[in-house]
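Numbering (our numbering), first residue to last: 3 to 178.
We put the CB at the ideal spot given by N, CA and C, even for glycine.
Computed from a predicted structure; not experimentally measured.
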Amino acid sequence: MSRIAKAPVELPQGVTATIQSDAVTVKGAKGSLSLSLAPGVTVVQKEKKLEISFSEPGMARTRAGSTRAHLANMVQGVAKGYEKKLELVGVGFRAQVQGKNLNLTLGFSHPVNVAIPEGLGVETPSQTEIIVKGIDLQKVGQLAAEIRDIRPPEPYKGKGVRYAGEKISLKEGKKK
């Protein structure tokens with residue numbers, strides 16, 4: 003059995019799990035998330051722990067570890083939530099939230115508008131900082147990656163959108 007799947011998922015105070023035959027729903031203070039189970043994978047709740055097992059060898063065995071990791075991410079998401087921080091580096095680069103859109107000025111000839119998906123929150127504490135928040139780790143990471151992909155950091159001056167704390171190794175310029 004997968005070593006990851008052997009470890010049970012602990013449910014913190016205020017988090018509950020509802021298990022059906024083909025799905026698991028986790029509810030907490032920040033919301034609820036649902037995960038459909040792969041064929042052959044079962045989840046059992048014992049006290050305040052979720053235990054993952056599989057009934058048939060093969061693909062169900064490999065999916066048991068992934069199911070456990072997804073459940074652990076869901077539990078942390080509904081309990082604490084997730085956030086990704088982005089920084090804008092460059093002269094005149096700005097970010098501003100207006101309603102359900104994130105307006106970005108990134109040195110293009112036009113402003114870029116990014117629609118904020120349902121269930122996610124975006125904040126701009128300053129003009130050069132963006133914080134993406136939500137309970138679903140995959141959606142938070144996906145939106146942050148899409149924003150970064152609009153203008154990734156270039157290797158000569160480091161201008162662009164980068165994750166907070168990301169190290170950009172700069173190249174040396176052309177020599178005469």
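Measuring alpha carbon to alpha carbon, tell me which of the options ends up nearest residue i.
i    : options                  : result
Y165 : S171, K87 and Y158       : K87
L108 : R65, Q100, Q129 and G101 : Q129
Q140 : D151, G101, Y84 and G92  : Y84
D194 : V43, A146 and I132       : Since the displayed the chain opens at 3 and closes at 178, residue 194 lies outside it and no answer follows.
F56  : Q47, G42, R96 and K50    : G42
A19  : K50, V93 and E174        : K50
A97  : S68, E125 and A81        : E125
E168 : G160, V99 and G123       : G160
K135 : S23, T27 and K32         : K32
Y158 : P113, E148, G92 and V116 : G92
P119 : G143, P59, E131 and G175 : G143
V114 : E174, I21 and V163       : V163
V77  : R150, E174 and V17       : V17
A40  : Q22, K48, Q15 and T69    : T69
G102 : F95, G94, A117 and H112  : Per the sequence presented here, residue 102 reads as Lys, with Gly not at that position. When each option's Cα is compared against that of K102, the closest is A117.
Please state the DSSP three-state secondary structure of residue i.
i    : result
L73  : helix
K141 : helix
A25  : strand
S68  : helix
Q164 : This sequence places Arg at residue 164; Gln is not what is there. In the structure shown, R164 sits in a strand (DSSP, three-state: E or B).
E58  : coil
A9   : coil
Q47  : strand
E53  : strand
E148 : helix
G33  : coil
M3   : Reliability of the predicted coordinates at M3 is poor, the pLDDT of 49 falling under 50, and no value is obtained from them.
Q78  : helix
Under a Cβ-count criterion, where at least 16 other Cβ atoms within 10 Å of its own Cβ denotes burial, should residue i be classed as buried or exposed?
i    : result
M61  : exposed
R5   : exposed
L172 : exposed
L13  : buried
P154 : exposed
A66  : buried
Using DSSP's beta-bridge definition, name the partner residues of residue i.
i    : result
T19  : Correcting the residue type first, residue 19 is Ala in the shown sequence and not Thr. DSSP output for A19 lists V28 as bridge partner(s).
K135 : E85 and G123
E156 : Note: E156 sits in no beta bridge, so no partner.
S38  : A25
Could you check if residue i belongs to the surroundings of the ligand ADP, using beta carbon to heavy atom distance under 7 Å?
i   : result
L73 : For the structure depicted, the ligand ADP is absent and the ligand set is empty, with no information on it obtainable.
Check whether chain E comes within 8 Å of residue i, counting only Cβ atoms and requiring the distance to be less than that.
i   : result
D24 : Annotation note: the requested chain E is absent from the structure, which comprises a single protein chain.
Q: Entirely within the region 84-123 and at least 3 residues each: give me those beta strand (DSSP E) ranges in chain order.
A: 84-91, 96-100, 103-107 and 114-117
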